[in-house]
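For reference, the structure discussed in these notes is given below.
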Amino acid sequence: MLWQSVVGKLWLTILLLVTVVLTVLMVMLLRFTEDSNLEEAEGRLNSYANMAISIYESHSDFEGTFDYLQTISNEFSINIMVVENGEKIWSATDDAVGEMDPQELVSGWPTDGLQQGERTIKEDSYPLNGSESEETEVMIVGAPLGQGDDTSAIFLYQPLAAVEEASEETRRLIYLSAGIALVLTTIFAFFLSSRITAPLRKMRQAALEVAQGKFHTKVPILTQDEIGQLAIAFNRMRRELNRNISELNQEKEQLSRILASMADGVFTLDRNAVVLLTNPQAEQFLDMLSYEEGQAKQTGNHLPLALQPLFERVVHSETEELQEQSVQGRSMAILMAPLYEENHVRGAVAVVRDVTEERRHDKLRKDFIANVSHELRTPISMLQGYSEAIVDGVTSSDEERKEVAQIIYDESLRMGRLVNELLDLARMEAGFIDLNKETVEVDSYLERIVRKFANYQKEKLLRIELVGAEPQQIANFDPDRIEQVLTNLIHNAIRHTDANGTVQVRYEREANYDVFSVIDTGSGIPEEDLPYVFERFYKADKARTRQRGGTGLGLAIAKNIIEAHTGMITVQSKLGEGTTFRFLIPRMSVLSDESSR
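Take 226 as the starting number for the sequence shown in our numbering and just add one per residue.
What follows is the structure, given as structure tokens:
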């Protein structure tokens, strides 16, 4: 509405102020005009009275005197009445004061009678002869005649209607002037207020656009007054706000990208344990935790129940807390710290890290120490025991001493193999493996490796077959390292295959790979052990493996050799049906293509 706008309020204020000023001035002017008219009328009557007395006293002829008085009455439009000894002897008009005894008029004058030389003006209402109204307000001037005669006087009177007509005309002029001034003030005030508030309206529209995010809106600077300075300040504020918002958006986007690219999960909480901010890793962790608690998905952004005690400890103690939580078979470490607003805790921030691999490595490290100690303890114990037997002279015959020496020799070889394999594995895992790749004819290469196990065929009564290798087929790899892999795989297959079984060495050529397989019909590997067969010291049947001379490092070494060739090794097995080890080596064309990329 108009009255609720700045234009309306300013216009109404100016209009009311001018109205009050005009009203006060008009009242004072009317009062001044009326008083001036009365004083002017009184002054004229006094002048006429002096003139009439002078004429009356200077002429002895009453007829001539009355003619002069009649002339004065007609010329100046006043009424003259002559009273002698309380009796009216002459009147200029017939509308003289009627029904008023001249004696009483003279004696009842406000001055307690007219005295010599006095001029007294009296305003009163009297009935005039010929007047339509009962009484008419008149102004009377009384002047005494003669010496010491207080019953003879000349009265000049004039109805106040003439004075009121002049006052009424003046009043109309004043009212008209006040109305014109009020109209002009209204137009001027509305124009002035509109002109003053036009920049304010533009700034209001610009402020609304800025509130909607349109920071390029500019307020025009039309004047150099306070409003112009306000427009300059508004434009400066808009530029600073645009710059600050842009910087905040950049920082927010940068923070969002940093959080999204972090490997660790990060989420923040308010005082009521409501999740405010998460990155994808933290959101996945919270969803997994909520799923374990029976919820399909993290709903309501509330912290899962498993983390509520941690959050309460952090808020109440105002210290960092660390907790490890197992979620869906993975170990997650949660570090939570309080967030402050001035001196009060307003929530918490938590960092979630997947420590499954670290825990697995810790376990492998512990297992490695235990396995190495276990593997070394047996041969060392046997060496110590048999050495004591020789020292103590328990072995009396040459055959016994030779048998004990052979056992000591075998155990020392076993310890040597273990140490060498450990050194090889350590160098491979550290990246210090040198490959001497050559072009190898696969057929003759595999036949030579299979022939090494001819004695095993006779001793264990099983068959070792070579399948798929054809003459003039070539491949490129390190022959010594691949022979080490194949020897280990064939030796493992022979150890775990009973009499009349079969061990098959197969070669295949695929599109981009040379594929080698070692297949046996032995006892197989339990399904639960398959994921761990390539780990160090892992043995599916530790007792039987130790009896057969295994250290548990061969497959780990084989895996490192194949990976050094940028290949891949896999295992398939069924308990009681046999096992298949298969590894793939990329051909030279594939390797050259990858290196060219």
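We put the CB at the ideal spot given by N, CA and C, even for glycine.
- Collapsing the DSSP output to three states places Glu695 in coil.
- A Cβ-Cβ separation of about 6 Å places Val675 in contact with Val730 under the 8 Å criterion.
- Excluding five sequence positions before and after Asp489, the CB atoms of its chain that fall closer than 7 Å to its own CB belong to Gln506, Val576, Val577, Arg578, given in chain order.
- Ranked by how close their Cα comes to the Cα of Tyr400, the residues Phe301, Leu417, Leu254 have Leu254 in first place.
- Nearest in C-alpha terms to Glu666, of all of Ala694, Ile305, Lys685, Glu684, is Ala694.
- Taken in chain order, the complete beta strand (DSSP E) segments of 3 residues or longer contained in the stretch 777-812 are 793-799, 803-811.
- Thr290 and Tyr281 have their C-alpha atoms some 6 Å from each other.
- Looking at the backbone, the Cα of Lys588 and that of Asn474 are separated by about 45 Å.
- Residue environment analysis places Asp703 among the buried positions, since at least 16 neighbouring C-beta atoms fall within 10 angstroms of its C-beta.
- With a threshold of 16 other beta carbon atoms within 10 Å, Val249 falls short and is exposed.
- Of the residues assessed, Tyr565 falls on the exposed side of the cut-off, its CB having fewer than 16 other CB atoms within 10 angstroms.
- Of the other Cβ atoms in all chains shown, fewer than 16 fall within 10 Å of the Cβ of Asn497; this residue is therefore exposed.
- Taken atom to atom, the span from the alpha-carbon of Val758 to that of Leu778 is near 10 Å.
- Between the alpha carbons of Gly747 and Glu684 lies a distance of about 16 Å.
- Counting only residues of its own chain and dropping the five nearest sequence neighbours on each side, Glu508 has no CB closer than 6 Å to any other CB.
- Residue nearest to Thr318 within the set Glu434, Val252, Glu300 is Glu300 (criterion: CA-CA distance).
- Excluding its 5 nearest sequence neighbours in each direction, Thr727 has C-beta neighbours in its own chain below 6 Å: Arg688, Thr746, listed in chain order.
- Taking the C-beta atoms as reference points, Ala266 is found nearer than 8 Å to Gln383.
- The Cβ neighbour count for His586, taken over all protein chains shown within 10 Å, is under 16; the residue is labelled exposed.
- Glu537 is the residue among Ser556, Glu537, Gln550 whose C-alpha sits nearest the C-alpha of Val570.
- For Asn713, same chain residues with a beta-carbon under 8 Å away, outside a window of 5 residues either side, are Gly779, Leu780, Ile782, Ala783 in chain order.
- A straight-line Cα-Cα distance of about 11 Å links Ala368 and Ile305.
- Setting aside the 5 residues that flank it on each side, Ala485 is surrounded in the same chain by Asn504, Pro505, each with a C-beta closer than 8 Å to its C-beta; the list follows chain order.
- For Asn680, the three-state secondary structure derived from DSSP is helix.
- In this structure, Ala277 is the residue among Asn310, Ala277, Gln454, Thr442 with its C-alpha nearest to the C-alpha of Ser298.
- For Ala423 against Val444, the beta-carbon gap comes to about 11 Å, at or over 8 Å, which does not count as contact.
- Taken in chain order, the whole beta strand (DSSP E) runs of length 3 or more contained in the stretch 489-522 are 490-495, 500-503.
- Contact check for Arg602 and Ile615: beta-carbon distance about 21 Å, past the 8 Å limit, so the pair fails to qualify.
- Taking 8 Å as the cut-off, the Cβ atoms of Ser261 and Glu309 do not count as close.
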